[in-house]
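**Student:** First the structure, which I've put down as structure tokens, then a few questions once you've had a look.
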Amino acid sequence: MKKTLLIIFTLLIALAHQAQNKQTMNNGPYASIWKQVEEMEKKSLPKSASKIVDTILKQAVGNNNSPQMIKALIHLGKYDLAIDTENDTMMFHNLKEMLQKTNDVVEQAVINSILAELYLDYYNKDSWSVN
């Protein structure tokens with residue numbers, strides 16, 4: 000489960016990064032903050048990185064910046080798993096909450112796709128208890 004989630008998060012981060020580079024969005028305030036996140040990640044400080052990503056998420060929600068919101072949610076999920084490996088359902092909660100808040104069809108589709116992947120992985124990991 001952890002390997003699959005890590006692969007999914009890595010792919011989604013790469014896709015978000017690629018989409019971010021293709022778009023001409025205001026990346027100024029986010030670039031310096033994401034560098035701080037990278038530094039915390041290099042130092043193996045997931046709690047500190049999670050706090051910084053949480054501020055990015057709040058700022059992105061305030062600016063209605065969908066790519067940054069999704070990128071922040073993916074990173075939060077990754078750090079939540081790194082901090083507490085037993086609490087893999089927090090990502091479900093965060094994504095469902097973001098899904099309820101958004102009216103953008105594309106953003107809803109991306110979040111639903113991420114949720115579907117997570118549900119499949121969760122089922123594959125815990126199918127013995129579900130059946």
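Residue 128 in numbering that gives the first Met the number 0 sits at position 129 of the sequence shown, with consecutive numbering throughout.
Using N, Cα and C, we set each Cβ at its ideal position, and we do this for glycine too.
Bear in mind the structure is a predicted one, so any value in this text is a computation, not a measurement.
1. Does DSSP put Ser128 in a helix, in a strand, or in coil?
2. For Leu14, name the three-state secondary structure that DSSP assigns.
3. Quick check on DSSP: helix, strand or coil for Ile82?
4. If you check the beta carbons only, do Leu75 and Asp53 fall under 9 Å apart?
5. Given a threshold of 16 other Cβ atoms within 10 Å of its Cβ, counted over all protein chains shown, does Gln67 qualify as buried or as exposed?
6. Secondary structure at Ser47, three-state DSSP: helix, strand or coil?
7. Where does the unbroken alpha helix (DSSP H) through Leu34 begin, and where does it stop?
8. Run through DSSP, which three-state label would Thr9 get?
**Tutor:** A quick look at the data gives this:
1. helix
2. helix
3. helix
4. yes
5. buried
6. helix
7. In the sequence under discussion, the amino acid at residue 34 is Lys, which differs from the Leu named in the question. 27 to 41 is the span of the alpha helix (DSSP H), which, as asked, contains Lys34.
8. helix
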